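K.L.:
Protein chains: 2
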Amino acid sequence: MQIGKQQMKLGAFFMVPGHHVASWRHPESQTDGILSFDIYRKLAETAERGKFDMIFFADGYAVHDRDGAGIEQSVNIRPDPVTLLSALAVVTKRIGLAATASTTYNEPYHLARKFATIDHLSSGRAGWNVVTSSSEAEALNFSKERHLEHGARYNRAEEFVEVVKKLWDSWEDDALLINKETGIFADPTKVHQVDHKDHWFSVKGPLNIARPVQGHPVIIQAGSSESGKDLAAKTAEVIFTAWQTISEAQAFYQDVKGRLKKYGREEHSLKIMPGVFPVIGRTEKEASEKKQQLMELIPEKVGVGLLSALISYDLSEYPIDKPLPELPDIKDINGAKTRFQLVKSLGDREKLTIRQLYQRVAGARGHREIKGTPIQIADQLQEWFEHGAADGFNIMPPYMPGGLDEFVDLVVPELQNRGIFREDYTGTTLREHLGLLRPANIFQKINV
Amino acid sequence: MQIGKQQMKLGAFFMVPGHHVASWRHPESQTDGILSFDIYRKLAETAERGKFDMIFFADGYAVHDRDGAGIEQSVNIRPDPVTLLSALAVVTKRIGLAATASTTYNEPYHLARKFATIDHLSSGRAGWNVVTSSSEAEALNFSKERHLEHGARYNRAEEFVEVVKKLWDSWEDDALLINKETGIFADPTKVHQVDHKDHWFSVKGPLNIARPVQGHPVIIQAGSSESGKDLAAKTAEVIFTAWQTISEAQAFYQDVKGRLKKYGREEHSLKIMPGVFPVIGRTEKEASEKKQQLMELIPEKVGVGLLSALISYDLSEYPIDKPLPELPDIKDINGAKTRFQLVKSLGDREKLTIRQLYQRVAGARGHREIKGTPIQIADQLQEWFEHGAADGFNIMPPYMPGGLDEFVDLVVPELQNRGIFREDYTGTTLREHLGLLRPANIFQKINV
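So the protein lines, in turn, are chains U and X.
Here the first sequence is numbered in UniProt numbering, starting from 1 and rising by one per residue.
Here the second sequence is numbered in UniProt numbering, starting from 1 and rising by one per residue.
(1) Assuming A186/X and I220/U form a contact by the criterion Cβ under 8 Å, report the distance between their Cβ atoms to the nearest whole angstrom.
(2) Under 8 Å, Cβ to Cβ, is there at least one residue of chain X near N141/U?
(3) Drop a sphere of 10 angstroms on the beta-carbon of H199/X, count the other beta-carbons inside from all chains shown, and report buried for 16 or more, exposed for fewer.
(4) Could you check where the alpha helix (DSSP H) with I246/X kicks off and where it finishes?
(5) Assuming A99/U and L121/X make a contact with CB atoms under 8 Å, what is their CB distance in whole Å?
(6) What would DSSP say about T235/U, mapped onto helix, strand or coil?
(7) Rank I420/U, P439/U, R438/U, F443/U by C-alpha distance to the C-alpha of K51/U and give the top, closest one.
(8) Express the C-alpha separation of F407/U and L10/U in angstroms, rounding to a whole number.
(9) Could you spell out where the alpha helix (DSSP H) holding K44/X opens and where it closes?
(10) Answer with buried or exposed for P27/X, where buried requires no fewer than 16 other C-beta atoms within 10 angstroms of its C-beta.
(11) Thinking C-alpha only, which one of H20/X, W243/X, F14/X, G258/X is nearest M295/X?
(12) Unbroken alpha helix (DSSP H) runs of length 4 or more, entirely within the region 354–429 of chain U: which are they?
(13) Is the region 378–390 of chain X in contact with the region 279–287 of chain X, if contact means three or more CB pairs nearer than 8 Å?
(14) Which residues bound the alpha helix (DSSP H) around T189/X?
(15) Taking D80/X as the query, report the chain U residues whose CB atoms sit under 7 Å from its CB, ordered along the chain.
(16) Out of T182/X, T117/X, D119/X, A126/X, point me to the one whose CA is closest to R25/U's CA.
(17) Residues bridged to S102/U by DSSP?
(18) Give, in chain order, every residue of the region 94–110 of chain X whose Cβ lies closer than 9 Å to some Cβ of chain B.
(19) Report the residue ranges of all alpha helix (DSSP H) runs contained in full by the region 138–206 of chain U; include only those spanning at least 4 residues, in chain order.
(20) Within the 8 Å Cβ cut-off, does F252/U reach chain X?
(21) Would you kindly work out how many angstroms separate the C-alpha atoms of E237/U and K271/U, rounded to a whole number?
(22) When we look at the beta-carbon of K204/U and count the other beta-carbons within 10 Å, is it buried (16 or more) or exposed?
(23) By how many angstroms is the C-alpha of P299/X removed from the C-alpha of K180/U?
(24) Which of helix, strand or coil does DSSP assign to V276/X?
(25) For chain U, find out if any of its Cβ atoms is closer than 8 Å to the Cβ of G335/X; answer yes or no.
(26) Strictly by DSSP, which residues pair up with Q221/U?
(27) Since G275/X and R355/X should fall inside the 8 Å C-beta cutoff, what is the C-beta to C-beta distance between them, to a whole number of angstroms?
(28) Measuring only the C-alpha atoms, how far is I239/U from A309/U?
(29) Any C-beta of chain X sitting closer than 8 Å to the C-beta of R25/U?
(30) Quick one: any contact between the region 361–369 of chain X and the region 428–444 of chain U, if contact means 3 or more CB pairs under 8 Å?
(31) Under a Cβ-count criterion, where at least 16 other Cβ atoms within 10 Å of its own Cβ denotes burial, should L436/U be classed as buried or exposed?
(32) Are V279/X and K291/X touching if we call contact CB-CB under 8 Å?
(33) Can you tell me the Cβ-Cβ gap for L327/U and Q244/U, rounded? I've got them flagged as a contact below 8 Å.
(34) Within the continuous beta strand (DSSP E) that includes M54/X, where are the two ends?
(35) So is I3/X buried or exposed if we call it buried at 16+ other beta carbons inside 10 Å?
(36) Between the C-alpha atoms of D329/U and H150/U, what's the straight-line distance to the nearest angstrom?
Next comes the structure, spelled out in structure tokens:
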């Protein structure tokens, strides 16, 4: 291994039993005890054996595609990931633990405390993927008639993160004294009310838990719209994105890294990690057969439903073997705008029918699919990593645990041989794995 | 052990490093790594060795007694207990896992999902202590100017529990088919929208996790006001209470059990478990010395602050060695009314000064203190258990882990010898430990 060579970051994106919409039908996915802890424990142990920077969970607050096919033919149940992270902290030692929690239907005080709790229990391994909730189905589960429009969601998210960071800082690192003799538990001059009062929130504080081990758990974001990019440049330390081509990924990378200066931040303070969906075979032929097998397992209704959800537009009444119909203008989409654009351009560019399009995106759900032998997979990751398109990748195995095992056993050693991925952990916190600085405390007076 | 003899239920009420306000100064409490998982892991292992029905955590969403003394001299930090439970599920096998979560500042969808997650991860061991939040300090952490008044809080709590139960029932027990061959994941006729719409909440559902292993996690409550008793009679399966004398406890027991019929419930479907604060010595003298040692460790300001919080009335300006001043009428107390009444009657009855009163309640915080040798402790528990005052007890060790070790090593064997506590677990779920039936699903059609 070349010393000092820059190394890629890797996230293990857990979705049980896999990222492919038909994963649950795959012979190498586990569906027995699909909500039991054993599945997650084994996946976490595998990811840690593979020296991944972190485990990552997406989330949502509603069943998707609520019609008959969605419930009948796809996986519509999952544990609450924030709750699950804490259990995974117990069965792992070094790997980071990141989960999604929405700023649209939560309270800053609760999320600040939950992620602080996980950071303490795991000795500094927590990460929070900050998202906004954009589906109507979620609004209806939280006593709202409709979901917030795009601008308001991001505005609320920005203020939400600000409040959470203040709460994490409300106890300075050295506030706890715990001196049994003198009876002094904490230094009250180092415990602060946050007195936040703005458009969305008014929060007095302090939080009722000490500052997290990492100062702040790592802040992750995924939005790629204009507001999303700006929020990320201001507050994110990791961005998960979805790009199909290296040129799109490079443009995004340049764009977001370029915005950092405006907020007084260095380039390396933000890691950009596109999602990749690896289909791995010992030969190219085997990889192609695997892909074909997965595509054939997709039920039609599920495929159309998934595509409709991706572009926030109902395609169920259109002929499945014809191209996409005329779609609304992107301005009128109150959903994930970037995802809409991505799918629409892919359909236009390659003149795909609805069926072909859902077969294409159903797997990786808009993320980049990479297919081939372990060497070919490593080549594709290395290319993006070394050409300004990515600081690392969020790995989305098509089926689990099989697909994660293959990546760890076949691809990770290849990346290690090339000197572009760690042989072992050198740090103990997620910040250390990612090469991110511990944030200063806004309440702390600097002694000169 | 007499077969068939009725046995008491025991909760291990975890508060690190103990229930006494000065516990953290006690030589046998652990304060190193006070937020690390190791402390909790060891306590959970001890409680499970002691065959407790469940571990229990209280909670609150603000630091208490925010002035200098509260922060300076008492323990004002704790992990989020719901998050913590999930980690404890991994290191235990049989013991129940219960935590407090407030209906005042949460959303039913989130809590339904979190407790369902813990129930799945623990194979049926979750319990939820349903509370309302009554402190001004909490309101100010959730963008509210003042907290809800007593009636509205209980009204919201009742509807909250109703929504949560509907969400737990939204997937019938046999909704999941997961047939890889036919491609049928779930039976859509067994997955239900809940379509709840009432005063406080409108929630469409279904939940995005399958029905909990226990049907519903066990519902616990603690309120003892009129509204609290009625809510408990309608919805609770366990009540934690605070009584100083057997006659008060018997009256409460009669009262609440008597209300069950109104809601079509049997007497045994609700377990009443008063809190007890055991000070255990190998001799009576040793127990008294331990008590004295704890009392002397209480700093004055902390004692007065604690008493003030208990009665929702600021006593800091009154002379500490005089009796309680004239207090407002109970009608005007917008806090825990029962606790107010309890403390006020104790002060009046025994003509205690503020100092004496805080020394008395600071330990058990209004709960019953029992002191003595293991045999005397067992006698006091047995007396209440056999005379219609309790179905079991929530044990609140003054300091931890020492006080829990003593209870498990010295008192539990004595209770087992008397045949009034289990020698080992016979069931695997918290419901089974407590002798509670698995609830029917409101959406399930009964086949005749």
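We put the CB at the ideal spot given by N, CA and C, even for glycine.
These numbers come from a predicted model, not from an experiment.
P.N.:
Based on what the coordinates show:
(1) Not really, about 31 Å apart at Cβ, beyond 8 Å.
(2) Yes, because at least one Cβ of chain X sits closer than 8 Å to the Cβ of N141/U.
(3) exposed
(4) Counting along the chain, the alpha helix (DSSP H) containing I246/X begins and ends at 246–259.
(5) In fact, because the Cβ distance is near 14 Å, the residues do not count as touching under 8 Å.
(6) helix
(7) I420/U
(8) 11 Å
(9) Per the sequence shown, the amino acid found at residue 44/X is Ala instead of Lys. From DSSP, the alpha helix (DSSP H) with A44/X extends over 37–49.
(10) exposed
(11) H20/X
(12) 354–364, 374–386, 402–406, 412–417
(13) no
(14) Unbroken run through T189/X: none, as it is neither H nor E.
(15) R113, K114, T117
(16) T182/X
(17) V131/U
(18) Going by chain labels, chain B is absent from the structure shown, which instead holds the protein chains U and X.
(19) 150–169
(20) Chain X has no Cβ within less than 8 Å of the Cβ of F252/U.
(21) 6 Å
(22) Residue burial annotation: K204/U is buried, with at least 16 other C-beta atoms found within 10 angstroms of its C-beta.
(23) Computed Cα separation, rounded: 12 Å.
(24) strand
(25) no
(26) V130/U, I239/U
(27) The pair is not a contact, with the Cβ atoms about 23 Å apart (cut-off 8 Å).
(28) 22 Å
(29) Taking Cβ atoms only, chain X reaches closer than 8 Å to R25/U, which makes this a yes.
(30) Judged by Cβ distances under 8 Å, the region 361–369 of chain X makes no contact with the region 428–444 of chain U, as fewer than three pairs qualify.
(31) buried
(32) V279/X is a Cβ neighbour of K291/X, given a cutoff of 8 Å.
(33) L327/U to Q244/U, Cβ: 18 Å. No contact.
(34) 54–57
(35) Reliability fails at I3/X, whose pLDDT of 47 lies under 50, so the model's placement of it is uncertain and the value that follows must be treated cautiously. Label assigned to I3/X: exposed.
(36) Between D329/U and H150/U, the alpha-carbon positions lie close to 15 Å from each other.
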